[in-house]
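Shown next, in C-alpha cells, is the structure this report addresses.
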Amino acid sequence: MALLSVDNLGVYFHTRNGVVKAVDGISFDVAAGETFAIIGESGSGKSVACYSMLGLVPRPPGRIESGTAKFGHKDLLQMSEAELRKVRGKGISIIFQDPMTSLNPFLRVGEQLIEPLLLHYGMKRDEAWQKATAMLEEVGIKDAAKRMHAWPFEFSGGMRQRVMIAMALITEPDIIIADEPTTALDVTVQAQILKLLKQLQEKRNIGVIFISHDLSVVADIADNIAVMQNGVFVEKGSRDQIFNHATHPYTQKLLAAVPDTEKAVSTSKSDKAIVQIEDLCVWFGDEAKGSQVKAVDNVSLQIERGEILGLVGESGSGKSTLGRAILRLVNPTSGRVTFEGKDITTLKPREMKPLRRHMQMIFQDPYASLNPRMTVYDTLAEPLLLHNIANKKNLDAEVFRLMDSVGLAREAVLRYPHEFSGGQRQRIAIGRAIATKPHFIVADEPVSALDVTIQAQILDLLLELVERFDLTMLFVSHDLGVVRYLSDRIVVMKHGELVEAGTAQEIFNTPQQDYTKALLAAIPGKSLLLGKSV
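The sequence shown begins at 619 in our numbering and counts up by one.
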C-alpha cells in the first residue's frame, strides 16, 4: 500500500500576464522504502508539485486547481493550515537544496534540531537535546555533543546538509522530500550524502521523493522515475525502463545530454607552452598568528597552446585560486607565471593591461559577474572599446558577431541580465570573454549551476569556440564527467598541491593516486556515464 497517492494534481499560477500551468494533472504513488525520483529541467514544475501538497506554494498567485494527495486516510489538499502544520516535519519532512539559506543563521544547530521535537511531541528540553545529539551522530557528524552548540556557518556545505538530513529525520517521518539535496556539493561529499540517505531510508523504511535535474545521481538511487516537462509527466517507469528503454523524445534528449566521456576532443596542439608555472605559491593569512592558508603550494605546470587542460579537485583544494593567480587576479606569494614567454609575476597593473586582452576568464556565476545595470550590448561593447578592437562605426556589427558566435538572438541585444535564463547569461559571459580574441581562457566551473541539457549546450559551444578561434583553456571543475568530456589532459589538485597529471584516458583508466581513485569512485551514475546499462 502506498504511503502517498497523488492523483491528477494541478497547480496553476494566476499572473497579470495570464495563467501558468506549473503542474498540470500529474499522478504518482510513493511506497515505504521506495525512492521515487522526479527529474526535469529548471521550471518544469518538480518542486512546485511537491511543495503544493504541504501548502508551501504561496497563494496567491498559486492555486490548486485539481486532484487529490492521499496521505494515510486524509487528502493533503483539503487540509486546513493547522492540520498541515501537524503533517509538515512529522509525517512528511523536506531536505532543501541550499542548507545555508534554510538553516536559521541566528540559532545554534542544536536549538534548530530540537524545535520540531518540542513542537510535535511536546518533549522536555533535556530529552529532546539528547535525541538531537544522537541524531547528529547517526548522520555522521563527529563530536556531536560539542557541535550541537555550533552555528550553521561553522559547518562545511556537506556537514550543513547532514544537519538538514538530521532535522528531517528527527521526527521519524514516513516520507522525505529531498529537493536537489546534493546540487551544490563536491562529488565525494555528494556520494557520502547519497549513501547516508540510502542507509537511513533502508534502516527506517522511509519513502523518499527525490527531486533532481542530474540524471547521473538519479541513476544511482531511484527505484522509480517520472520525467517532468512543462508541468506534466511525459514518461514514468522503473529505473531500468527510463534509462535503458526510454520512449519519449524529451527523456531521450535528457539522456543524450549526459556528457559522453568517450568523445574525442579535436584541438590544434603544439609542443610550445602558452602558460608556464614554476613553484607557484599563493598563501593567505598570517603565519605568525597561525592563521596561514596555503591555497596554492609549490605548483609547477605548463599548458600547451591549443589544448584544454582540466583542473579537478574538491572545494577548497585551491583550483580557483590557481586559475586567478595565472591571470594575476590574485597576486602570488612566490614562484613564477610565464605567459607567451613573458614573466608576468611582478608586472604592475598598467604593465598587465596590454596582456589582459589575451587572457580572459569565464566565472562560475554569470549573474554575479555580469553588471545588472548593463544591457547585453553594453556588456559586449565594453571590452571591444576598451582594447580598441572596434570603433563607433563598426561597433554594432562586432557586437552582433559576438552574439551570433555564442548563439544569442540579436533581438535580445537591449535586454538586461535578469531577463535571461542561466544558460543564456553564461552565453553572454562567454561572449564577453571571447570579445577581445584572447589566446588563453580560464573557465571556472562555468556549467556547475546549469541543467543537464543547458550544460551540454555550453560545453559544445566551448569546444566549438576553442577550435574556431584556436583558444587555449584551463577548465576548472569538480565534475569529472564534464572534465573528461572536454579535456585533453587533466591535473588533480588537493590541499593546494597537484597530486596527479595525465591524459583524460590515463586519469580515468589508470589513476595512480588514492585521492584520484576516491574522486573517480565517487562519480554518481558511473555506469550511465560510461554508456552501460544501469
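Note that CB positions come from ideal geometry on N, CA and C, so glycine has one too.
Non-local beta-carbon contacts of residue 1116 in its own chain, meaning distances under 6 Å to residues more than five positions away in sequence, involve 917, 1109 in chain order. Proximity of the segment 953-968 to the segment 1125-1138 falls short of the contact definition, fewer than three beta-carbon pairs being nearer than 8 Å. For residue 797, the enclosing beta strand (DSSP E) begins and ends at 793-797. DSSP places residue 922 in no alpha helix (DSSP H) but in the uninterrupted beta strand (DSSP E) bounded by 911-922.
Taking a 10 Å sphere around the C-beta of residue 932, we find 16 or more other C-beta atoms and assign the residue as buried. With 16 or more neighbouring CB atoms inside 10 Å of its own CB, residue 1020 falls in the buried class. For residue 828, the enclosing beta strand (DSSP E) stretches over residues 825-830. Ranked by Cα distance from residue 846, the options 646, 1127, 1122 are led by 646. In the same chain as residue 947, and ignoring 5 residues on each side of it, the C-beta atoms closer than 8 Å to its own belong to 979, in chain order. For residue 853, the enclosing beta strand (DSSP E) begins and ends at 850-856. Scanning the segment 641-717 for uninterrupted alpha helix (DSSP H) segments of 4 residues or longer gives 664-671, 699-705, listed from N- to C-terminal end. For residue 1041, there is no enclosing beta strand (DSSP E); the enclosing alpha helix (DSSP H) covers residues 1040-1052. DSSP places residue 639 within a strand segment (E or B) once states are collapsed to three.
Cβ-Cβ distances below 8 Å link residue 865 to 853 in the same chain, with the five nearest sequence neighbours on each side left out; the list follows chain order. Residue 1088 places its beta carbon less than 8 Å from that of residue 924. Counted as a single uninterrupted DSSP element, the beta strand (DSSP E) harbouring residue 1112 occupies residues 1107-1112. Shown here, residue 895 sits in a strand according to DSSP, grouped into three states. Straight through space, the alpha carbons of residue 734 and residue 742 are spaced by roughly 12 Å.
Judged by pairs of C-beta atoms under 8 Å, the segment 707-724 touches the segment 786-794, as three or more such pairs exist.
Judged by DSSP secondary structure, residue 956 falls within the beta strand (DSSP E) whose first and last residues are 952-957. When DSSP states are grouped into helix, strand and coil, residue 901 belongs to the strand group. Annotation: residue 951 to residue 901 spans about 6 Å, alpha carbon to alpha carbon. The criterion of a C-beta distance shorter than 8 Å is satisfied by residue 713 and residue 797. Judged by DSSP secondary structure, residue 987 falls within the alpha helix (DSSP H) whose first and last residues are 984-987. Just so you know, the alpha carbons of residue 722 and residue 1098 end up roughly 33 Å apart. Residue 1074 carries a helical assignment under DSSP once its states are collapsed to helix, strand and coil. Going by C-alpha positions, residue 758 is about 32 Å away from residue 907.
Rounded to the nearest whole angstrom, the C-alpha separation of residue 751 and residue 837 is 33 Å. Residue 628: member of the beta strand (DSSP E) spanning 620-633, first to last residue. In this structure, the CA atom of residue 895 is about 21 Å from the CA atom of residue 981. Residue state for residue 768 is assigned as coil, using DSSP reduced to three classes. For the options 1033, 660, 817, 930, the alpha carbon positioned closest to that of residue 1105 is the one of 930. Excluding the 5 residues flanking it on each side, residue 1140 has same chain C-beta neighbours closer than 6 Å at 805, 806, 809, in chain order. Put simply, of 1096, 803, 1090, 1102 the residue whose alpha carbon is nearest the alpha carbon of residue 926 is 1090. With a threshold of 16 other beta carbon atoms within 10 Å, residue 941 meets it and is buried. Check the Cα spacing between residue 1041 and each of 1086, 1073, 1005: the tightest is with 1073.
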